[in-house]
Ligand code: UD1
Ligand code: MG
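Numbering (our numbering), first residue to last: 14 to 459.
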């Protein structure tokens with residue numbers, strides 16, 4: 014059931030010029046997911062009855078990305094954060110609950126912080142404050158002696174005394190829907206930026222006898238992302254949290270700072286992960302798995318007890334059963350490697366099934382592509398593929414078959430057969446010695 018007392022508005026109409034990107038700022042990814050979706054994911058458990066996004070340039074990109082997750086309203090031109098919230102008026106006609114105003118470029122806010130804000134039912138305005146290491150150009154929060162919020166002063170408009178205040182405005186606010194639009198009607202743009210500041214709502218609400226309060230959050234939750242370097246900082250915050258989370262859940266990381274997770278990585282217990290491992294989206298690792306150093310894993314499922322790497326690449330739809338071994342310089346794509354099978358060295362396995370307990374020798378390649386189409390390789394249970402074998406799909410190797418090293422398999426084979434397709438070995442006695450002697454003489458006589 015939706016919470017009919019809560020609506021959210023996400024401000025995302027800023028131009029984002031400092032990203033220097035043709036991609037909308039709020040669609041830049043953190044851990045493989047657009048920052049806007051991180052924010053919507055965090056909001057979702059609060060079950061707001063309305064999700065409204067205010068967008069300007071690049072609105073089509075935002076629409077395509079969020080689909081039915083939110084309603085999108087255009088703000089054109091952009092006359093400030095107060096003006097941006099006014100754009101939601103028609104959508105929120107008659108809404109009496111709490112309106113939580115979030116920023117699309119402040120995606121790492123926690124659910125707990127949002128809950129802390131919206132539980133203040135007696136305040137007209139709840140502002141999310143923080144004490145940054147460097148207060149710099151943030152708006153400053155002015156409290157009275159009782160700790161109530163009196164006003165927000167923008168840095169540009171602040172005097173020297175006000176600039177000394179270390180409690181800053183994150184920009185995020187929860188506002189009582191009964192008063193929101195009446196208060197917004199009273200905003201003007203007589204300030205240093207000639208903008209309609211949402212922050213002025215606090216002074217106005219106080220002058221009307223309403224209560225305004227501050228809730229504080231740690232800086233890492235409210236950092237704004239305006240540039241690639243701030244994006245990298247947000248990525249680091251996310252990764253550090255993910256590393257800590259997995260270690261708390263029973264995953265050993267040999268060198269936590271060198272392991273990268275995706276927003277949706279799932280890992281079981283007693284998993285050990287070596288240094289320099291990267292997880293892309295849609296990966297699930299079961300219990301008791303070892304991932305050795307330097308693996309790149311994306312869209313893969315790894316069954317319990319398996320050992321992967323070092324230097325392995327698991328690509329989308331790689332599905333490893335239980336107790337599978339995928340060793341160094343092996344690439345697996347869209348392939349089921351069934352329980353107990355081994356692909357230990359230097360192989361490409363793509364569009365394939367490798368049956369239970371099969372052993373794939375070093376340098377085996379499934380030749381899955383003819384330049385136009387992809388074809389499937391099926392390797393039966395317990396099959397043994399000799400080293401340096403090319404298996405040209407579509408083709409089946411029967412259960413328990415043995416393929417001699419260096420073969421090229423192009424036809425389906427029966428189970429338990431020996432398959433060798435290579436030229437017979439010849440031996441010419443003494444040939445090498447004679448060759449060396451004649452060549453050396455030629456060279457000496459030159
Ligand atoms: C704002 C706050 C400031 C706070 C700071 C925190 C105001 C007046 N000031 O300042 O107190 O310390 O955030 O980062 O609110 N946006 C729109 N439409 C607009 C203008 C902005 O959607 O017309 C969006 C932007 O995309 C952005 C957010 O609102 O996500 C904040 O806008 P920005 O211009 O960065 O505000 P600041 O000047 O940083
Ligand atoms: Mg800003």
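For every residue, glycine included, the Cβ atom is placed at its ideal position computed from N, Cα and C. Every value quoted in this text rests on a predicted model; they were computed, and no experiment measured them.
Please classify residue i as buried or exposed, where buried requires at least 16 neighbouring CB atoms within 10 angstroms.
i, result
"residue 448", "exposed"
"residue 441", "exposed"
"residue 256", "buried"
"residue 262", "exposed"
"residue 355", "buried"
"residue 362", "buried"
"residue 433", "exposed"
"residue 459", "exposed"
"residue 109", "exposed"
"residue 167", "buried"
"residue 266", "buried"
"residue 445", "exposed"
Expressed to the nearest angstrom, what Euclidean distance is found between the alpha-carbon atoms of residue i and residue j?
i, j, result
"residue 152", "residue 121", "20 Å"
"residue 413", "residue 349", "17 Å"
"residue 183", "residue 27", "16 Å"
"residue 407", "residue 276", "36 Å"
"residue 411", "residue 299", "29 Å"
"residue 305", "residue 287", "5 Å"
"residue 264", "residue 258", "9 Å"
"residue 428", "residue 335", "23 Å"
"residue 172", "residue 221", "25 Å"
"residue 226", "residue 316", "51 Å"
"residue 149", "residue 239", "15 Å"
"residue 381", "residue 294", "24 Å"
"residue 59", "residue 191", "20 Å"
"residue 90", "residue 242", "28 Å"
Does the separation of the CB atoms of residue i and residue j fall below 8 Å?
i, j, result
"residue 162", "residue 235", "no"
"residue 125", "residue 67", "no"
"residue 318", "residue 343", "no"
"residue 325", "residue 346", "no"
"residue 143", "residue 232", "yes"
"residue 105", "residue 61", "no"
"residue 112", "residue 188", "yes"
"residue 297", "residue 282", "no"
"residue 371", "residue 392", "yes"
"residue 79", "residue 49", "yes"
"residue 22", "residue 101", "yes"
"residue 353", "residue 337", "yes"
"residue 397", "residue 415", "yes"
"residue 390", "residue 418", "no"
"residue 340", "residue 351", "no"
"residue 154", "residue 185", "no"
"residue 43", "residue 251", "yes"
"residue 377", "residue 405", "no"
"residue 420", "residue 435", "yes"
"residue 92", "residue 204", "no"
"residue 409", "residue 426", "yes"
Please determine whether the Cβ atom of residue i lies at a distance below 7 Å from any heavy atom of the ligand SAH.
i, result
"residue 183", "Here the bound small molecules are the ligand UD1 and the ligand MG; the ligand SAH is not part of this structure."
Discussion item. Using a Cβ distance threshold of 8 Å, determine whether the stretch 131 to 141 contacts the stretch 244 to 251, with at least three qualifying pairs required.
Written reply: no
Discussion item. Does the stretch 206 to 217 come into contact with the stretch 93 to 103, if we say contact requires no fewer than three beta-carbon pairs (one atom in each stretch) closer than 8 Å?
Written reply: Touching, yes.
Worksheet entry | 3-residue-minimum beta strand (DSSP E) runs that sit fully inside the stretch 300 to 379, ordered along the chain | 325 to 327, 331 to 333, 338 to 341, 343 to 350, 355 to 358, 361 to 367
Worksheet entry | contact_flag[the stretch 271 to 285, the stretch 135 to 144] where n(CB pairs < 8 Å) is 3 or more | no
Worksheet item: How about the stretch 74 to 88 and the stretch 304 to 322: do they share at least three Cβ pairs that are nearer than 8 Å?
Response: no
Fill in: the stretch 69 to 76 touching the stretch 29 to 44, judged by at least three CB pairs closer than 8 Å
yes
Discussion item. Report the start-end ranges of each alpha helix (DSSP H) in the stretch 25 to 79 that is 4 residues or longer and not cut off at the edges.
Written reply: 48 to 56, 72 to 79
Fill in: Runs of alpha helix (DSSP H) wholly within the stretch 70 to 132 (minimum 4 residues, chain order)
72 to 79, 94 to 99, 124 to 131
Worksheet entry | Uninterrupted beta strand (DSSP E) stretches inside the stretch 434 to 458 (no shorter than 3 residues) | List check, beta strand (DSSP E) in window: nothing returned.
Practice prompt. Please specify which runs of the beta strand (DSSP E), each continuous and at least 3 residues long, are wholly inside the stretch 165 to 193, giving them in chain order.
Written response: 181 to 189
Item to complete: Write down every uninterrupted run of the beta strand (DSSP E) in the stretch 241 to 269 whose length is 3 residues or greater and which is fully enclosed by it, in chain order.
Response: 264 to 266
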